[in-house]
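Quick note on our numbering: the sequence shown kicks off at 158 and runs consecutively.
We put the CB at the ideal spot given by N, CA and C, even for glycine.
A short write-up of the structure that comes next.
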Amino acid sequence: MPILKLLSKRQEAELVTAIQGRAEIPLKFAYLGEGAYNWDRIARQRSEGKGINSAETALLKKKVGDFLAAVDTQKGINIIDIGCGNGRPVLPILERLKEKNIHFTYVPLDISNEMIELASGTIKKRFPGTKCKPVQMDFELGQFSDITYDLKDSGGTNLMLFLGSTLGNHSDLNRVLTNFRDSMTSRDFLIIGVELTNLAKVSSIVPHYTNTVVKKLLLEIPRELGISGSAYTYEALWNEKYSQIECRIIFKKPVKVKIAGEHFTLEKNENMLVARSIKFTEYTATKLFSDVGFRTELLTTAEDRGYLLTMIQPTRYSA
Ligand SMILES: C[S@@+](CC[C@H](N)C(=O)[O-])C[C@H]1O[C@@H](n2cnc3c(N)ncnc32)[C@H](O)[C@@H]1O
158 MPILKLLSKR QEAELVTAIQ GRAEIPLKFA YLGEGAYNWD RIARQRSEGK GINSAETALL
218 KKKVGDFLAA VDTQKGINII DIGCGNGRPV LPILERLKEK NIHFTYVPLD ISNEMIELAS
278 GTIKKRFPGT KCKPVQMDFE LGQFSDITYD LKDSGGTNLM LFLGSTLGNH SDLNRVLTNF
338 RDSMTSRDFL IIGVELTNLA KVSSIVPHYT NTVVKKLLLE IPRELGISGS AYTYEALWNE
398 KYSQIECRII FKKPVKVKIA GEHFTLEKNE NMLVARSIKF TEYTATKLFS DVGFRTELLT
458 TAEDRGYLLT MIQPTRYSA
């Protein structure tokens, strides 16, 4: 089904407002419907050791024991996979839990139902009989303590995962992290993976955003808005000031758009952000987590300092 048909009234309003207000198409909508399979194609390159975030998988495999050692798993564990994608990135954790006979429930949480189905399928195929409790929601809209609280019915610990450098795709990082913090108790943990800025490597990261499968994902919403590919040029550039990759379309001619009964024109030379990917340094990442009210339990980086994985927890006594 076309993505735009899958948008709720609220999402339609958010899309129009973002286009008109800040010249941006929020990336999260690209993962709905068929978009989930576009992402799956990108993510599969990772398990082959190539492409976006393959460093995260390697690092997680290496450090999974250290992460799990800090978590109380006696009464089982709820693995809350926030922005689950195809579910593959969490396999190193689930494999270790299985090896250690630790009971787990898998909770794929995503804006996209199709993505949740892909992730549940991955996990059930790998671990038949696994209990899955899918949650379809937009985590930018608020805290979800009702969900995390209910999961603890059976006494298990909540371990949230936010993998794949997804944090860096958002325009308001504090808001996203605050929503997570307010959905956790000071006994729960959150593991976050983010790509680091390695200035020497920027030139090798940028091409990840111009390959055909990535462009297919990012340009799906413009296509569905009826904007022909011949009406714009696409570029992915490093923005030094904001330490982020910016993917944009720049219009070669005026383009008329209609969404939800609203008509407007995008002018020649106007540009529109279709994705951002903020890259962090160890300092900016830890400062961000600390400012939001998290303490760090563990932090590890890839040998080439290109990726960071950290396990954090709400700071109970920060006042
Ligand atoms: C970059 S992909 C990463 C997927 C996976 N974690 C990985 O590491 O491969 C981002 C994922 O987050 C989901 N997502 C993005 N924004 C979201 C939002 N606001 N609420 C819920 N899910 C969101 C997308 O649908 C997608 O599954």
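When every heavy atom of ligand 1 is checked, does at least one fall within less than 7 Å of the C-beta of L465? Remark: the C-beta of L465 is outside contact range of ligand 1, defined as less than 7 Å to any heavy atom.
If you drop the 5 nearest sequence neighbours on each side, which residues of the same chain put their C-beta closer than 6 Å to that of A476? Residue placement at A476 cannot be trusted, given a pLDDT of 49 that sits under 50; the coordinates are not used to answer.
So, under 8 Å CB-CB, I407 and T390 are touching, yes? Tell me the CB distance rounded to an integer number of Å. The Cβ separation is near 5 Å, so the contact holds.
Counting only runs that start and end within the segment 361-399, where is the alpha helix (DSSP H) found for 4 or more residues in a row? Runs found: 369-375 and 377-381.
Using DSSP's beta-bridge definition, name the partner residues of R405. In DSSP, R405 forms a bridge with E392 and L430.
Under 8 Å between C-beta atoms of V370 and N195: Between V370 and N195, the CB-CB gap stays under 8 Å.
Can you tell me the Cα-Cα spacing of L356 and H420, whole angstroms? Each residue's Cα considered, the two are about 42 Å apart.
Integer-rounded CB distance, given that T367 should sit under 8 Å from G240: Rounded to the nearest angstrom, the Cβ distance from G240 to T367 is 23 Å, too far for a contact under 8 Å.
Within a Cβ cutoff of 7 Å, which residues of the same chain sit near T438, ignoring the five residues on either side of it in sequence? Cβ within range, chain order: L353 and T354.
Range covered by the alpha helix (DSSP H) that runs through M272: For M272, the enclosing alpha helix (DSSP H) starts and ends at N270 to R283.
Among S311, Q177, L164 and S343, the one whose alpha carbon lies nearest that of K232: Ranked by Cα distance from K232, the options S311, Q177, L164 and S343 are led by S311.
Would the beta-carbon of C241 be found less than 7 Å away from any heavy atom of ligand 1? Yes, the Cβ of C241 comes within 7 Å of a heavy atom of ligand 1.
Supposed close pair I435, Y464 - CB separation, criterion 8 Å: Contact flag wrong, Cβ pair sits at about 14 Å.
Whole-angstrom Cβ separation of A187 and E397, contact assumed at under 8 Å? No, A187 and E397 are not in contact; Cβ-Cβ is about 26 Å, not under 8 Å.
Mark A180 as exposed unless 16 or more other C-beta atoms lie within 10 angstroms of its C-beta, in which case mark it buried. Counting of Cβ neighbours within 10 angstroms places A180 among the exposed residues, the total staying below 16.
Span of the beta strand (DSSP E), counted from its first residue to its last, around G325: From DSSP, G325 is part of no beta strand (DSSP E); its letter is neither H nor E.
Given the structure, does T323 come close to ligand 1, in the sense that its CB is under 7 Å from one of the ligand's heavy atoms? In this structure, T323 has its CB closer than 7 Å to one or more heavy atoms of ligand 1.
Any non-hydrogen atom of ligand 1 within 7 Å of L320 CB: Checking every heavy atom of ligand 1 against the Cβ of L320, one is found closer than 7 Å.
How about L466 and K220: do their beta carbons lie closer than 8 Å? In this structure, K220 lies closer than 8 Å to L466 by Cβ.
Per-residue DSSP class, three states only, for E171: Correct three-state label for E171: helix.
For ligand 1, is there a heavy atom less than 7 Å away from the beta-carbon of I362? It does not: the Cβ of I362 is nowhere closer than 7 Å to a heavy atom of ligand 1.
Alpha carbon to alpha carbon, what distance is there between F319 and T146? Because the chain spans 158 through 476 in this model, residue 146 falls outside it and cannot be assessed.
Run the proximity test for D477: is its beta-carbon closer than 7 Å to any non-hydrogen atom belonging to ligand 1? Lying before the first or after the last residue shown, residue 477 is absent from the chain, which here runs from 158 to 476.
DSSP beta-bridge partners for K288? Answer is T262, bridged to K288.
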